[in-house]
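Protein chains in written order, with our numbering: chain A, 9 to 200; chain B, 9 to 200. What follows is a short report on a single structure.
2 protein chains.
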Amino acid sequence: MKYCSQCGGPVQLAIPEGDNRERHVCDACGTIHYQNPNVVTGCIAEWEDKVLLCRRAIKPRYGYWTLPAGFLENGESAQQGALRETLEEANARVELLSLFATFNMPHISQIYMLFRARLLDLDFAPGEESLEVKLFSEQQIPWDELAFPVIGETLRLYFADRARGHFDSHVGDILRQPGSSLREYRVQMLGS
Amino acid sequence: MKYCSQCGGPVQLAIPEGDNRERHVCDACGTIHYQNPNVVTGCIAEWEDKVLLCRRAIKPRYGYWTLPAGFLENGESAQQGALRETLEEANARVELLSLFATFNMPHISQIYMLFRARLLDLDFAPGEESLEVKLFSEQQIPWDELAFPVIGETLRLYFADRARGHFDSHVGDILRQPGSSLREYRVQMLGS
Numbered sequence: 009m010k011y012c013s014q015c016g017g018p019v020q021l022a023i024p025e026g027d028n029r030e031r032h033v034c035d036a037c038g039t040i041h042y043q044n045p046n047v048v049t050g051c052i053a054e055w056e057d058k059v060l061l062c063r064r065a066i067k068p069r070y071g072y073w074t075l076p077a078g079f080l081e082n083g084e085s086a087q088q089g090a091l092r093e094t095l096e097e098a099n100a101r102v103e104l105l106s107l108f109a110t111f112n113m114p115h116i117s118q119i120y121m122l123f124r125a126r127l128l129d130l131d132f133a134p135g136e137e138s139l140e141v142k143l144f145s146e147q148q149i150p151w152d153e154l155a156f157p158v159i160g161e162t163l164r165l166y167f168a169d170r171a172r173g174h175f176d177s178h179v180g181d182i183l184r185q186p187g188s189s190l191r192e193y194r195v196q197m198l199g200s
Numbered sequence: 009m010k011y012c013s014q015c016g017g018p019v020q021l022a023i024p025e026g027d028n029r030e031r032h033v034c035d036a037c038g039t040i041h042y043q044n045p046n047v048v049t050g051c052i053a054e055w056e057d058k059v060l061l062c063r064r065a066i067k068p069r070y071g072y073w074t075l076p077a078g079f080l081e082n083g084e085s086a087q088q089g090a091l092r093e094t095l096e097e098a099n100a101r102v103e104l105l106s107l108f109a110t111f112n113m114p115h116i117s118q119i120y121m122l123f124r125a126r127l128l129d130l131d132f133a134p135g136e137e138s139l140e141v142k143l144f145s146e147q148q149i150p151w152d153e154l155a156f157p158v159i160g161e162t163l164r165l166y167f168a169d170r171a172r173g174h175f176d177s178h179v180g181d182i183l184r185q186p187g188s189s190l191r192e193y194r195v196q197m198l199g200s
């Protein structure tokens with residue numbers, strides 16, 4: 009950020025009065041520009057013993073498999089966002105059951121909120137951002153071709169919970185050094 | 009938003025290619041400026057049968073009681089944010105136990121994430137943004153002097169769960185018409 013979005017004047021990094029962090033502050037009009045993490049919302053859509061994955065038609069990780077999910081928009085709830093993303097990416101209609109996993113990714117200032125959901129019919133098809141949309145049983149999951157660590161970690165928790173017959177609401181962090189490979193990360197769950 | 013934070017040029021509302029929503033787009037450099045909801049993170053800090061509330065020394069709702077909570081910052085997890093806010097507002101140290109309530113407030117594009125926490129000692133005191141910090145039993149909660157609907161709804165769920173001996177992870181929406189009074193709102197919980 010170099011310029012003030014309110015008046016067009018130059019911004020400087022400064023710690024505002026009563027604050028304890030550097031913010032972009034406008035020299036001219038004094039507006040303080042806060043920058044905060046983004047929420048990514050999506051779902052694990054179940055059909056019998058299978059879950060729905062989408063193969064990405066966009067960067068990053070073009071061609072890799074992911075859960076339907078995307079950035080939460082202003083004016084919507086995380087649940088509405090999960091339904092919208094599932095419709096946009098997989099043309100699939102679901103009923104949300106519970107918040108299954110909340111994963112912080114502080115190195116990129118994102119929080120994933122992934123809901124457990126019930127697919128309402130088999131009438132799904134790739135949206136513009138997907139090459140392919142498909143149901144996978146646990147044995148069929150393409151573990152080595154998943155787009156992001158958060159997807160693999162969520163699916164592992166999901167199948168473990170399903171095996172023991174009870175779904176928890178999991179909260180954890182996916183910790184990665186900026187610039188490191190996607191395979192190098194550490195998971196830290198709340199309460200463990 | 010009137011000006012581009014990257015180049016200082018004027019922005020227009022337009023639907024970018026491949027998108028389906030209006031964004032602020034820069035005429036000069038083409039940067040798309042996304043605006044997304046903010047996360048508010050905090051906790052219900054328990055000590056025996058009591059919970060910790062802070063009386064606000066800041067607007068809005070100066071003088072009203074709230075749970076320690078505030079905006080999640082870039083580079084931190086929701087858990088770290090909850091610990092930091094509890095330290096800043098109440099000088100209190102806690103151990104987080106679980107994510108207790110996630111409340112969407114789509115009318116102001118905020119999501120509250122409130123953790124259940126154990127107060128580690130009684131050595132707390134008002135921070136700069138608090139007039140007073142105090143432990144309250146269920147009977148002592150100043151229900152009519154709570155700062156925001158989300159605080160009352162969270163405390164009601166908390167005491168109900170405590171009474172039945174099991175804490176769930178609750179997800180819901182607090183729905184309010186813009187400009188309506190703080191008492192006029194509707195709650196919609198996921199799964200109910």
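Yeah, the Cβ is synthetic: ideal placement off N, Cα and C, and Gly gets one too.
Using a Cβ-Cβ distance cut-off of 8 Å, determine whether residue i contacts chain B.
i	result
Ser188(A)	no
Asp181(A)	yes
Asn99(A)	no
Tyr193(A)	no
Gly38(A)	no
Leu198(A)	yes
Gly26(A)	yes
Arg29(A)	yes
DSSP beta-bridge partners for residue i?
i	result
Phe79(B)	Val48(B)
Arg31(B)	Ala22(B)
Cys62(A)	Thr74(A) and Val141(A)
His41(A)	His32(A)
Ile119(B)	Val47(B) and Asn112(B)
Leu104(A)	Ala125(A)
Ile182(B)	Val195(B)
Ala53(A)	Ala125(A)
Leu154(A)	Trp73(A)
Tyr11(B)	Pro18(B)
Since residue i and residue j should fall inside the 8 Å C-beta cutoff, what is the C-beta to C-beta distance between them, to a whole number of angstroms?
i	j	result
Thr94(A)	Ala53(A)	6 Å
Gly135(A)	Glu96(A)	5 Å
Phe156(A)	Arg69(A)	7 Å
Asn99(A)	Phe123(A)	That pair is no contact at about 18 Å.
Val48(A)	Tyr166(A)	In fact, because the Cβ distance is near 17 Å, the residues do not count as touching under 8 Å.
Cys51(A)	Leu104(A)	7 Å
Gln20(B)	Thr39(B)	Not a contact, Cβ separation roughly 12 Å.
Arg64(A)	Glu137(A)	7 Å
Tyr11(B)	Cys12(A)	7 Å
Arg126(A)	Val102(A)	6 Å
Phe108(A)	Ser177(A)	7 Å
Ile149(A)	Leu163(A)	6 Å
Asp35(B)	Gly17(B)	6 Å
His115(A)	Pro24(A)	That pair is no contact at about 25 Å.
Could you say which of the options lies nearest to residue i if we only look at CA atoms?
i	options	result
Ile66(B)	Trp151(A), Gly26(A) and Ala168(A)	Gly26(A)
Asp57(B)	Gln147(B), Ile182(B) and Asp176(B)	Gln147(B)
Pro45(B)	Cys15(B), Cys34(B), Asn112(B) and Ser200(B)	Asn112(B)
Met197(B)	His41(A), Gln88(A) and Cys37(A)	Gln88(A)
Ser85(B)	Ser200(A), Pro186(A), Gly199(A) and Val179(A)	Val179(A)
Ser29(B)	Asp35(B), Cys37(B), His41(B) and Pro18(B)	One detail in the question is off: residue 29(B) reads as Arg in this sequence, not Ser. Comparing Cα-Cα distances from Arg29(B) to each of Asp35(B), Cys37(B), His41(B) and Pro18(B), the minimum goes to His41(B).
Gly83(A)	Asp181(B), Pro24(B) and Phe175(B)	Asp181(B)
Glu81(B)	Ser200(B), Ala168(B), Val59(B) and Arg92(B)	Arg92(B)
Val158(B)	Gln118(B), Val33(B) and Trp55(B)	Gln118(B)
Pro76(B)	Gln43(B), Leu139(B) and Arg31(B)	Leu139(B)
Tyr193(B)	Gln43(B), His32(B) and Gly160(B)	Gly160(B)
Leu183(A)	Val195(A), Gly173(A), His174(A) and Phe175(A)	Val195(A)
Arg170(A)	Leu154(A), Met9(A), Trp73(A) and Val59(A)	Val59(A)
Gly199(A)	Ser106(B), Gln43(B), Gly173(B) and Ala168(B)	Ser106(B)
Thr74(A)	Arg172(A), Asp152(A), Ser189(A) and Phe175(A)	Asp152(A)
I want to see whether chain A comes within less than 8 Å of residue i, judged by CB atoms only; does it?
i	result
Ile159(B)	no
Gln43(B)	yes
Pro134(B)	no
Val47(B)	yes
Ser106(B)	yes
Arg64(B)	no
Got a sec: is the Cβ-Cβ distance from residue i to anything in chain D below 8 Å?
i	result
Arg126(B)	The structure shown has no chain D; the protein chains it does contain are A and B.
Problem set entry | Positions along the stretch 161-180 of chain B whose CB lies within less than 7 Å of some CB in chain A | Ser177 and Val179
For this session: Scan the stretch 66-88 of chain A for residues whose Cβ lies nearer than 8 Å to a Cβ of chain B and list them as they occur along the chain.
Result: Phe79, Leu80, Glu81, Asn82, Gly83, Glu84, Ser85, Ala86, Gln87 and Gln88
Exercise. Relative to chain B, which residues along the stretch 11-24 of chain A have a C-beta separation below 9 Å, given in chain order?
Worked result: Tyr11, Cys12, Ser13, Gln14, Cys15, Gly16, Gly17, Pro18 and Val19
Exercise. Quick one, which residues of the stretch 108-123 of chain B are near chain A if we go by CB-CB under 7 Å, in chain order?
Worked result: Thr110, Asn112, Pro114, Ser117 and Ile119
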